[in-house]
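Student: Pasting in a structure now, in structure tokens, and then I'll have a few things to ask.
2 protein chains.
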Amino acid sequence: MSIIKYDVIPLVVIKRLPRYHRVLSELSAKGIGRISSQELAATMKITASQLRQDLSCFGSFGQQGYGYRVDQLLTEVNQILGLNYGTGMILVGAGFLGKALVNYENFQKRGFTIQAVFDQDPEVVGQSVNGIKVSNVSGLATYLQKNPTEIGIICTPAPAAQEVADVMVQSGIKGIWNFAPISLKVPEGVHVEHVHISESLMVLSFKIRQQYPNGD
Amino acid sequence: MSIIKYDVIPLVVIKRLPRYHRVLSELSAKGIGRISSQELAATMKITASQLRQDLSCFGSFGQQGYGYRVDQLLTEVNQILGLNYGTGMILVGAGFLGKALVNYENFQKRGFTIQAVFDQDPEVVGQSVNGIKVSNVSGLATYLQKNPTEIGIICTPAPAAQEVADVMVQSGIKGIWNFAPISLKVPEGVHVEHVHISESLMVLSFKIRQQYPNGD
DNA sequence: TAGATTGTTAATCGATTAACAATC
DNA sequence: TAGATTGTTAATCGATTAACAATC
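Sequences listed follow chains A and B, in order. Everything in the first sequence is counted per my numbering, starting at 14 for the first residue and increasing by one. Everything in the second sequence is counted per my numbering, starting at 14 for the first residue and increasing by one.
Okay, structure coming up:
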């Protein structure tokens with residue numbers, strides 16, 4: 014069981030956790046059972062110091078003179094990130110991006126399930142997306158009251174997003190994964206992760222034009 | 014014209030540039046012509062010091078006692094990021110995500126154009142996506158040799174991604190925007206931006222479970 | 001000119017790296 | 001036990017913030 018040792022984990026550390034998750038999953042899939050901080054860090058192109066420092070935010074998962082058990086460490090990271098918990102999600106806005114997300118299989122693998130899909134367009138309502146029938150967004154509040162859900166995904170156009178977010182918040186959603194290009198206003202205690210899809214394209218554009226040195 | 018004053022711009026600064034771009038675009042759209050670092054920083058929830066420090070990496074765009082002209086500063090940021098240049102892109106892998114990207118209108122607005130789309134699946138080849146006919150990926154190298162293109166977008170499944178990247182690199186692509194869940198190997202001088210769509214979902218998951226304090 | 005606000009230098013803060021005692 | 005490697009403390013590095021002289 015993970016013990017949070019410090020009140021607040023630095024955000025930089027949290028953002029690295031998905032990478033730890035990914036690399037450990039790959040090592041586990043390869044059947045590697047044991048790894049030292051030195052080796053794991055080399056795989057991730059970070060320093061062993063940083064790796065150990067990062068992990069020490071959450072507890073002591075290794076063994077002196079031995080290293081880490083890959084599967085055990087992966088389990089810890091999963092625990093910290095809240096993966097494999099069976100987290101329920103609903104999605105609003107079944108356009109191209111919404112459909113892409115509903116069909117994205119990696120969520121399932123990590124314990125996230127899209128349980129219902131909503132849209133405003135009468136042409137879209139009733140369609141089946143990856144086996145889920147799209148409901149009218151007018152039924153969103155009622156649905157959420159009957160089926161408490163942790164995460165709401167917003168894939169609507171910008172003008173509709175705030176209204177959808179308000180309904181989600183009022184119906185007890187804990188976190189919003191927002192793909193609409195607009196800053197959402199939510200009360201204390203509700204978390205929003207805003208995905209700016211084109212930000213990394215702009216970074217790429219900058220690097221191409223400035224002959225920026227390679228390597229992340 | 015922007016003058017690069019230091020050999021290498023810190024990556025943290027580059028990653029903030031798209032946000033400057035966005036906020037300045039919004040201000041410009043609102044018809045705001047002039048802004049001080051103080052006001053602009055407040056809008057972005059950063060400090061005025063950081064804003065001025067960031068801009069100083071690229072030149073001097075303000076005027077003492079006056080502030081910045083919004084449109085002029087936006088033009089500078091666009092220049093630095095290489096926006097509105099008419100950057101050509103091609104996309105390989107016309108699945109749900111690929112189709113979503115081809116239909117994403119914000120690229121056009123910023124001067125990025127998807128000029129051709131490729132897929133391997135005979136069922137998909139020949140389909141029209143947002144007015145672009147999907148070509149067989151076997152013709153990718155030939156296409157790129159005839160039509161030099163700066164950016165390649167990879168939306169294929171993981172197993173196909175490296176092969177596609179190799180063809181792109183050999184055909185002179187300068188940057189790869191990679192949505193396939195695999196680390197691509199590319200030579201010096203070619204830039205890759207890897208989009209890990211579910212990383213921010215995991216961060217959201219962490220925050221929900223740990224009652225992480227609000228505010229980005 | 002007086003007031004305002006930049007660009008930049010200096011001070012602080014936080015994150016990364018190095019080093020090592022603890023210990024498996 | 002001897003060797004290896006962790007977890008953690010201390011040192012370094014880089015990024016953010018504060019302060020202010022330059023100047024519009």
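Even glycine gets a Cβ: it sits at the ideal position worked out from N, Cα and C. It should be emphasised that the depicted structure is a prediction, and the values quoted were computed from it without experimental measurement.
How close, in whole Å, do the beta carbons of G99/A and G124/A come, if the pair is a contact with beta carbons under 8 Å?
Tutor: About 6 Å; that satisfies the 8 Å criterion.
Student: Looking at the C-beta of N96/B, does it have a partner C-beta in chain A at a distance below 9 Å?
Tutor: One point to set straight first is that residue 96/B is Leu, not Asn, in the sequence displayed. Answer yes: the Cβ-Cβ gap between L96/B and chain A drops below 9 Å somewhere.
Student: Who pairs with G80/B in a beta bridge, going by DSSP?
Tutor: In DSSP, G80/B forms a bridge with Q76/B.
Student: I'd like to confirm the pairing. Which residues does DSSP put opposite L1/B in its beta bridges?
Tutor: In the structure as shown, chain B starts at 14 and stops at 229, and residue 1/B therefore has no counterpart that could be examined.
Student: Would A173/A and L197/A qualify as a contact pair, given that the criterion is a beta-carbon distance under 9 Å?
Tutor: Not a contact, by the Cβ cut-off of 9 Å.
Student: Use the C-beta contact count for K146/A: other C-beta atoms within 10 angstroms, 16 or more gives buried, fewer gives exposed.
Tutor: By the 10 Å Cβ count, K146/A comes out exposed.
Student: Name the two residues that bound the continuous beta strand (DSSP E) containing H34/B.
Tutor: Segment 24-42 is the alpha helix (DSSP H) holding H34/B; no beta strand (DSSP E) there.
Student: Report the residues of the segment 120-131 of chain B with a CB closer than 8 Å to any CB of chain A, ordered along the chain.
Tutor: Within the segment 120-131 of chain B, the qualifying residues are F120, R123, F125.
Student: What first and last residue would you give for the alpha helix (DSSP H) that runs through I221/A?
Tutor: Here the alpha helix (DSSP H) through I221/A covers 212-223.
Student: Expressed to the nearest angstrom, what Euclidean distance is found between the alpha-carbon atoms of G165/B and I127/B?
Tutor: The straight-line gap from Cα to Cα measures roughly 9 Å.
Student: Which two residues bound the contiguous beta strand (DSSP E) that contains E206/B?
Tutor: Where E206/B is concerned, the enclosing beta strand (DSSP E) stretches over 204-207.
Student: In its own chain, which residues sit with a C-beta less than 6 Å from the C-beta of A171/B, not counting the 5 before and 5 after it?
Tutor: Closer than 6 Å at Cβ, skipping near neighbours: A193, P194, I195.
Student: What does DSSP give as the partner residue(s) for F125/A in the beta ladder?
Tutor: Answer is T100/A.
Student: Just verifying my parser: in three-state terms, what is the DSSP assignment at S151/B?
Tutor: Looking at S151/B - three-state DSSP - the assignment turns out to be helix.
Student: If the cut-off is 9 Å on Cβ atoms, which residues from the segment 206-227 of chain B count as contacting chain A, listed in chain order?
Tutor: Flagged, chain order: E206, H207, V208, H209, I210, S211, E212, S213, L214, M215, V216, L217, S218, F219, K220, I221, R222, Q223, Q224, Y225, P226, N227.
Student: What is the rounded straight-line gap between the Cα of Q51/B and the Cα of V90/A?
Tutor: Their Cα atoms are separated by approximately 40 Å.
Student: Using a C-beta cutoff of 9 Å, does V137/A count as contacting chain B?
Tutor: Closer than 9 Å: no.
Student: List the DSSP bridge partners of K146/A.
Tutor: DSSP output for K146/A lists S141/A as bridge partner(s).
Student: Compare the C-beta of L110/A with all C-beta atoms of chain B and state if any pair is closer than 9 Å.
Tutor: Yes, L110/A counts as interfacial toward chain B.
Student: Comparing the C-beta of D229/A with each C-beta of chain B, is any distance below 9 Å?
Tutor: With a pLDDT of 48 at D229/A, under the threshold of 50, the modelled position of that residue is not reliable, and the figure given next carries that caveat. Chain B, which has a Cβ nearer than 9 Å to the Cβ of D229/A, makes this yes.
Student: With which residues is N191/A paired in a DSSP beta bridge?
Tutor: Answer by DSSP bridge pairing, in chain order: I167/A, H207/A.
Student: Is it the case that the segment 21-38 of chain B contacts the segment 67-86 of chain B, given that we only count it when at least three CB pairs across the two stretches are under 8 Å?
Tutor: Flag = yes, the segment 67-86 of chain B and the segment 21-38 of chain B touch.
Student: According to the Cβ coordinates, are E206/B and G188/B closer than 9 Å?
Tutor: Yes, they are a contact pair.
Student: Show which residues of chain B have a CB atom less than 7 Å away from the CB atom of T100/A.
Tutor: Result: S218.
Student: For A113/A, return the contacting residues in chain B, with the cut-off set at a CB-CB distance below 7 Å.
Tutor: Residues of chain B passing the Cβ test: F109, L110, A113.
Student: In chain order, what residues of the same chain have a beta carbon less than 6 Å from the beta carbon of N149/B, not counting five sequence neighbours either side?
Tutor: If we look at N149/B and ignore the five residues flanking it on each side, its Cβ neighbours are V138.
Student: On the premise that G106/B lies in contact with T169/B, defined as a C-beta separation below 8 Å, what is that separation, rounded to the nearest angstrom?
Tutor: Indeed they touch by this definition, with Cβ atoms about 4 Å apart.
Student: With three or more beta-carbon pairs closer than 8 Å as the criterion, would you say the segment 26-44 of chain B touches the segment 67-87 of chain B?
Tutor: The segment 26-44 of chain B, when compared against the segment 67-87 of chain B, does touch it at the 8 Å Cβ threshold.
Student: From which residue to which residue does the alpha helix (DSSP H) around G111/A run?
Tutor: Where G111/A is concerned, the enclosing alpha helix (DSSP H) stretches over 109-115.
Student: In this structure, does DSSP put I93/A in helix, strand or coil?
Tutor: It is helical.
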